[in-house]
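Chemist: The listed protein sequences correspond, in order, to chains A and B. Counting the first sequence from 1 gives a position; this note's numbering is that position plus 18. Counting the second sequence from 1 gives a position; this note's numbering is that position plus 9. All C-beta atoms in this analysis are idealised placements derived from N, C-alpha and C, irrespective of residue type, glycine included. Sending over a structure as structure tokens; questions will come in a sec.
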Amino acid sequence: GQSLEQPSEVTAVEGAIVQINCTYQTSGFYGLSWYQQHDGGAPTFLSYNALDGLEETGRFSSFLSRSDSYGYLLLQELQMKDSASYFCAVAMNSGGYQKVTFGTGTKLQVIP
Amino acid sequence: DVKVTQSSRYLVKRTGEKVFLECVQDMDHENMFWYRQDPGLGLRLIYFSYDVKMKEKGDIPEGYSVSREKKERFSLILESASTNQTSMYLCASSSPQGLINGYTFGSGTRLTVV
């Protein structure tokens, strides 16, 4: 089977930097994705890491270490609109098919 | 703009009813997925399809079936609804490069079974 662990809640101050960690256990690993979901909204895709290292997209960066089965999402210059839930998701080979399994999500609250 | 449309935003059904949740995408995507989202459990994969007429079980298929007769439409069927199927249901689609480009989700159907 597979498992993912991420913190359930994180609080950070507007303008600051926050890191949301994700550890996983799975076989047939392809890569790690991150999604954002505002309350009442649909999840939206943020990033995908297949290789070790840091990928930067504007204020958001995502990191992967395959050897440590670990990744994180880094949000810089936090804004109030970044208050949302963030899900890590592992992509894996399952029975010859690509399958994406989501974590339970981290609720980020940005405070003034 | 890429769009995944779920037919109902809110739905209330009685125990034992047969329930159809419809999902349509306008992106010509090959891949389509049904997830359910429950507090503290994240998103769990029910079924997926990588082609018309093709379907594969996800992690929690029990009590559900699916239909994909056309590329753009993927239906989730609750054969006999039960109260433990009360949940938010999310449909998603992707191209074959879905890992790199990500999934596009619909706004969800909040189903209540009474």
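So which residues on chain B does G49(A) lean against when the C-beta distance must stay under 8 Å?
Modeler: Ordered by position in chain B, the residues that pass the 8 Å Cβ test against G49(A) are L108.
Chemist: Does F105(A) get closer than 8 Å to chain B when you measure Cβ to Cβ?
Modeler: Closer than 8 Å to some Cβ of chain B, the Cβ of F105(A) qualifies, so yes.
Chemist: Tell me where the beta strand (DSSP E) around D51(B) begins and ends.
Modeler: Inspection of the sequence shows that residue 51(B) is occupied by Gly rather than by Asp. Where G51(B) is concerned, the enclosing beta strand (DSSP E) stretches over 51-58.
Chemist: Taking its Cβ as the centre, do 16 or more other Cβ atoms sit within 10 Å of Y19(B), making it buried, or is it exposed?
Modeler: Result: exposed.
Chemist: Considering I86(B), what are the terminal residues of the beta strand (DSSP E) in which it resides?
Modeler: Where I86(B) is concerned, the enclosing beta strand (DSSP E) stretches over 82-87.
Chemist: Quick check on D100(A): does DSSP put it in helix, strand or coil?
Modeler: The answer is helix: DSSP assigns D100(A) an H, G or I state.
Chemist: DSSP state of G107(B), grouped into three classes?
Modeler: Looking at G107(B) - three-state DSSP - the assignment turns out to be helix.
Chemist: Based on Cα-Cα distance, which residue from L30(B), K12(B), S102(B), Y112(B) lies nearest to R119(B)?
Modeler: Checked all of L30(B), K12(B), S102(B), Y112(B); the closest Cα to R119(B) is L30(B).
Chemist: Give a yes or no on whether 8 Å exceeds the smallest Cβ distance from Y115(A) to chain B.
Modeler: Answer yes: the Cβ-Cβ gap between Y115(A) and chain B drops below 8 Å somewhere.
Chemist: Quick one: which chain A residues come within Cβ less than 7 Å of F114(B)?
Modeler: Neighbours of F114(B) on chain A, chain order: A60, P61.
Chemist: For G49(A), collect the residues of the same chain with a Cβ closer than 6 Å to its Cβ; drop the 5 residues on either side in sequence, then sort them by chain order.
Modeler: So the list reads Y66, N67, A68, A109, once near-sequence residues are dropped.
Chemist: So for T95(B), helix, strand or coil by DSSP?
Modeler: Three-state result, T95(B): coil.
Chemist: Give the secondary structure of D47(B) by DSSP, where H, G and I count as helix, E and B as strand, and everything else as coil.
Modeler: Three-state result, D47(B): strand.
Chemist: Under 8 Å between C-beta atoms, does E65(B) make it to chain A?
Modeler: It does: the Cβ of E65(B) has a partner Cβ on chain A nearer than 8 Å.
Chemist: Is D37(B) near R53(B), with beta carbons less than 8 Å apart?
Modeler: Not a contact, by the Cβ cut-off of 8 Å.
Chemist: Who does Y19(B) pair with in a DSSP beta bridge?
Modeler: Per DSSP, R119(B).
Chemist: In three-state DSSP terms, what is E95(A)?
Modeler: Reduced to three states, the DSSP call for E95(A) is coil.
Chemist: Looking at the C-beta of F120(A), does it have a partner C-beta in chain B at a distance below 8 Å?
Modeler: Judged by the 8 Å Cβ criterion, F120(A) is in contact with chain B.
Chemist: Check for me: the beta strand (DSSP E) holding K125(A) runs from which residue to which?
Modeler: 124-129 is the span of the beta strand (DSSP E), which, as asked, contains K125(A).
Chemist: Nearest CA to the CA of T14(B): which residue from K66(B), Q106(B), S102(B)?
Modeler: Out of K66(B), Q106(B), S102(B), S102(B) has the C-alpha closest to the C-alpha of T14(B).
Chemist: Measuring from the CB of Q24(A), is there a heavy atom of the ligand PLP at a distance below 7 Å?
Modeler: Looking for the ligand PLP in the displayed structure turns up nothing, as the structure carries no ligands at all.
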